[in-house]
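**Student:** Here it is, the structure, as structure tokens.
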């Protein structure tokens, strides 16, 4: 079945602290250029098996050997991206349509975290692999009977088993025991954030003869830059646990590894409160307090795009060999723009955005807001160049999907504490409103 063409919407940005959705602004190239300078080239190499950035040249004149194509999130005009793949009919497993035969079917182990926003990556990756006819085992950290397993995506694991996947629970420090001595061609660690957590998995994979080791890292390891966006090869925080892991797996697996650095993600089954934070306020007719000027840019990708990137690495191991990939969408959105898009998804005519200085309000922005209070976004240049990956994220439409799930959950009618919001509103001279659901 052919994939539909995806129409990419223009980037939406606010023009005032109290903005109506009736005529949303779009960012023109000059306006976006004023916000940030786009990086245009990069190179990453591994010398003597160790991770070392060899070039962070960002001039357009960089050579083709170090340059990766720039994505076009700053474009003011919509564009269509059509990714069409011919597929032969194959017997369908329950709940998942099986795609055409890959060149080689792989047995894949996904070591999956039991909390946080990354858990949904493993779930979607497993579904993607099963649809392609690969054998998949998901090892989730902890106990199957824990309360965490009552939440998505874990509560939806029947979708994997009905498609032929296997789900087990256990301690990643003893992977061999958890998987009952099974062998695998590919291992993805979607759990560890430091070497202590990942080393036992990597060492077991090495000793078991695993052919490819994949790791979910984080775009949060990049050092702040005056030349956003972050591109592969940019300087990283050497003290970050993910960096130590990337160095270690490069040493252990030679070129048979790849690392993926995601940012924020969206998608059915995600249990990380990001878009829900906005919905909580919008459905109750409350102002949405945003730190700073609201023009900070970030990146929110649908998890199906991230899982597709991982699947391409399995399908094209040579192309992914020894590479780092920014596992992100190719569009950016402003923080105020995110509030507007969430309001539109919820069917609201307008949203009141209140901008504030966290220091003046006496609040910690990390506790008061779900996103970083800064420009924080990366571009997926390596995935486009090496894997032929394209993005299907359409944030306005994807938020509608998430709002439908939010409304069905009944969360909008549940009592909720907005004391921190009220403190912010008082600091800017606004009275706390009565919370009334729409």
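Numbering (the numbering used here), first residue to last: 10 to 447. From the three backbone atoms N, C-alpha and C, an ideal C-beta is built for every residue, glycine too.
Using the three-state DSSP reduction, which class does residue 304 fall into: helix, strand or coil?
**Tutor:** coil
**Student:** Using 10 angstroms around the beta-carbon of residue 247, count the other beta-carbons present and answer buried if the total reaches 16, otherwise exposed.
**Tutor:** exposed
**Student:** Whose C-beta lies closer than 8 Å to the C-beta of residue 441 among residues of the same chain, with five residues either side of it excluded?
**Tutor:** 427, 430, 431, 434, 435
**Student:** Can the beta-carbon of residue 298 be found less than 7 Å from the beta-carbon of residue 365?
**Tutor:** yes
**Student:** If the criterion is Cβ atoms closer than 7 Å, does the pair residue 175 and residue 146 meet it?
**Tutor:** yes
**Student:** Helix, strand or coil: which one does DSSP assign to residue 134?
**Tutor:** helix
**Student:** Closest by CA to residue 117, which one among 173, 195, 219?
**Tutor:** 195
**Student:** Apart from the five residues just before and just after residue 439, which ones in its own chain have a Cβ nearer than 6 Å to its Cβ?
**Tutor:** none
**Student:** Hey, out of 272, 397, 209, whose CA is closest to residue 130's CA?
**Tutor:** If we check each option's Cα against that of residue 130, 272 comes out closest.
**Student:** In the structure shown, what three-state DSSP assignment does residue 411 receive?
**Tutor:** helix
**Student:** Is it true that the CB of residue 337 sits closer than 7 Å to the CB of residue 387?
**Tutor:** Cβ distance < 7 Å, so residue 387 and residue 337 count as in contact.
**Student:** The alpha helix (DSSP H) spanning residue 429 covers which residue range?
**Tutor:** Counting along the chain, the alpha helix (DSSP H) containing residue 429 begins and ends at 428 to 436.
**Student:** Helix, strand or coil: which one does DSSP assign to residue 156?
**Tutor:** helix
**Student:** Shorter than 6 Å, the distance from the beta carbon of residue 259 to the closest heavy atom of the ligand FMN, or not?
**Tutor:** Absence of the ligand FMN is noted for the structure shown, with no ligands found whatsoever.
**Student:** Considering only the alpha carbon of each residue, which of 263, 209, 184, 279 lies closest to residue 221?
**Tutor:** 263
**Student:** I'd like the list of long-range same chain contacts for residue 208, defined as Cβ closer than 7 Å, with 5 residues on each side in sequence excluded.
**Tutor:** 257
**Student:** Might you give, ordered along the chain, the residues of its own chain that have their beta carbon closer than 7 Å to the beta carbon of residue 384, omitting 5 neighbours on each side?
**Tutor:** 45, 237, 305, 306
**Student:** If you draw a straight line from the C-alpha of residue 166 to the C-alpha of residue 128, how long is it?
**Tutor:** 12 Å
**Student:** Measure the C-alpha to C-alpha separation of residue 73 and residue 183 and round it to an integer number of angstroms.
**Tutor:** The pLDDT assigned to residue 73 is 33, lower than 50, so where the model puts this residue is not dependable, and the model offers no usable value.
**Student:** Over what stretch of residues does the beta strand (DSSP E) that includes residue 262 continue unbroken?
**Tutor:** Careful: residue 262 lies outside any beta strand (DSSP E), inside the alpha helix (DSSP H) at 250 to 262.
**Student:** Check the DSSP bridge columns for residue 230 and list the partner residues they point to.
**Tutor:** Note: residue 230 sits in no beta bridge, so no partner.
**Student:** Looking at C-beta atoms only, is the number of pairs between the segment 367 to 386 and the segment 311 to 329 that lie closer than 8 Å three or more?
**Tutor:** no
**Student:** Would you mind listing the alpha helix (DSSP H) stretches within the segment 350 to 392 that are 4+ residues and don't spill past its ends, in chain order?
**Tutor:** 367 to 370, 374 to 377
**Student:** Below 8 Å on the Cβ atoms is my contact criterion, and I expect residue 204 with residue 119 to pass it. Report the Cβ-Cβ distance as a whole number of Å.
**Tutor:** 20 Å between Cβ atoms; not a contact.
**Student:** According to the neighbour-count rule (16 or more other Cβ atoms, all chains shown, within 10 Å of its Cβ), is residue 282 buried or exposed?
**Tutor:** exposed
**Student:** Are residue 407 and residue 275 close, meaning C-beta to C-beta below 7 Å?
**Tutor:** Yes, the pair counts as a contact, with Cβ atoms nearer than the cut-off.
**Student:** Can you grab the Cα-Cα spacing for the pair residue 151 / residue 190, in whole Å?
**Tutor:** 18 Å
**Student:** In this structure, does DSSP put residue 179 in helix, strand or coil?
**Tutor:** strand
**Student:** Please go through the same chain and pick out, in chain order, the residues whose beta-carbon is closer than 7 Å to the beta-carbon of residue 414, but skip the five residues on each side of it.
**Tutor:** 277
**Student:** Given this structure, state the Cα-to-Cα distance separating residue 177 from residue 185, to the nearest angstrom.
**Tutor:** 12 Å
**Student:** I need the boundaries of the alpha helix (DSSP H) containing residue 165, first residue and last residue.
**Tutor:** Neither: residue 165 is in no alpha helix (DSSP H) and is coded neither H nor E.
**Student:** Determine the direct distance from the alpha carbon of residue 156 to that of residue 326, and round the result to whole angstroms.
**Tutor:** Looking at the backbone, the Cα of residue 326 and that of residue 156 are separated by about 37 Å.
**Student:** Just grab the DSSP bridge partners of residue 221 for me.
**Tutor:** 195
**Student:** What is the DSSP secondary structure of residue 312, counted as helix, strand or coil?
**Tutor:** helix
**Student:** To which residues of the same chain is residue 400 closer than 6 Å at the C-beta, ignoring the five residues directly before and after it?
**Tutor:** 314, 338, 339
**Student:** If residue 172 and residue 180 are in contact, beta carbons under 8 Å, what's the gap, nearest whole angstrom?
**Tutor:** The beta carbons of residue 172 and residue 180 sit about 26 Å from each other, so the pair does not count as a contact at 8 Å.
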